[in-house]
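Structure first, commentary second.
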Amino acid sequence: MNLVLFGPPGSGKGTQAQKVCQAFRLRHISTGDELRAAIIAKSPVGLRASEIMARGELVSDELVTELLRTAIVARRAETDSFLFDGYPRTTSQVGQLDQLCEEQKLQQPAVVLLHVPDETLLLRMTGRRICTECKRSYNVYFSPSRRSGVCDFCHAPLMKRVDDNAETIRERLKIYHDQSVPVLKQYEKRGVLATIDATGDTELVFQKISRILEQYY
Ligand code: AMP
11 MNLVLFGPPG SGKGTQAQKV CQAFRLRHIS TGDELRAAII AKSPVGLRAS EIMARGELVS
71 DELVTELLRT AIVARRAETD SFLFDGYPRT TSQVGQLDQL CEEQKLQQPA VVLLHVPDET
131 LLLRMTGRRI CTECKRSYNV YFSPSRRSGV CDFCHAPLMK RVDDNAETIR ERLKIYHDQS
191 VPVLKQYEKR GVLATIDATG DTELVFQKIS RILEQYY
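Each residue of the sequence shown is one higher than the one before, counting from 11 in my numbering.
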């Protein structure tokens, strides 16, 4: 099966994606992670994307879809089951994902929306810290690491994402409501959308997602 894990920035998509991929044997593709890797590698895509991302705006559909296609093709020989995290984010990306699925002979994805109110998202994002090595996510307010600034698992330093500052977060939430929420209407019409309350603790949210996915197995 294929899954789109959908939700506003800070809704816990990355954390849940790791758990879901492990439990259901899906390959995780996060367009945000792909873009951040391109920026670190200083590739032409990274150079074009870095300022746009720092402002909290969306990278162009063409650029991000090409990045997604490359990521799928690189993993396609190993699997036909993907978890898409952060894509699609605009209504035209919905059509582009349809085309990619057809082209790569992948089943159309199920969609799970992680619903979290904006006030909670603000706290989650301003407090978010990511491990520079294993990419595990912590939060200084809700789930701090045992030693401040250091990952519990691989002991690498934690970092704050450049786009996790209050001004950029407001912009990202506005863009989510204006451009990404309409995506949900399309999936709702197809009858493939399930919405869950994602404000509870990580394990509880994971159980809710699992109950939905079990219907597909
Ligand atoms: P994320 O890690 O999913 O929060 O994405 C971080 C940033 O990457 C977003 O704020 C956008 O600038 C960019 N980005 C990620 N996925 C997409 C997408 N599907 N379409 C456009 N921009 C994206």
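Yeah, the Cβ is synthetic: ideal placement off N, Cα and C, and Gly gets one too.
Treat the numbers as computed from the prediction; the structure is a model and nothing was measured.
Burial check for Lys23: the Cβ neighbour count within 10 Å reaches 16 or more, so the residue is buried. Residue burial annotation: Pro167 is exposed, with fewer than 16 other C-beta atoms found within 10 angstroms of its C-beta. Closest option to Thr89, judged by alpha-carbon separation, among Glu76, Lys115, Tyr97, Gly105: Lys115.
Across the set Lys29, Asn12, Leu15, Pro18, the C-alpha of Lys29 shows the shortest separation from the C-alpha of Glu213. Nearest neighbour of Leu107 by Cα position, chosen from Pro18, Thr41, Asp188, turns out to be Thr41.
Excluding residues up to 5 positions away in sequence, Gln114 lie with their Cβ nearer than 7 Å to the Cβ of Arg86 in the same chain. At a Cβ-Cβ threshold of 7 Å, Ala208 and Leu132 do not count as neighbours. For Ala120, the closest C-alpha among the options Phe92, Asp128, Met135, Arg35 is that of Phe92.
Burial is judged here by how many other beta carbons sit within 10 angstroms of a residue's own beta carbon; Tyr151 has fewer than 16 and is exposed. Straight-line measurement puts the Cα of Pro18 at about 17 Å from the Cα of Val172. Residue pairing by DSSP puts Asp207 in a beta bridge opposite His125.
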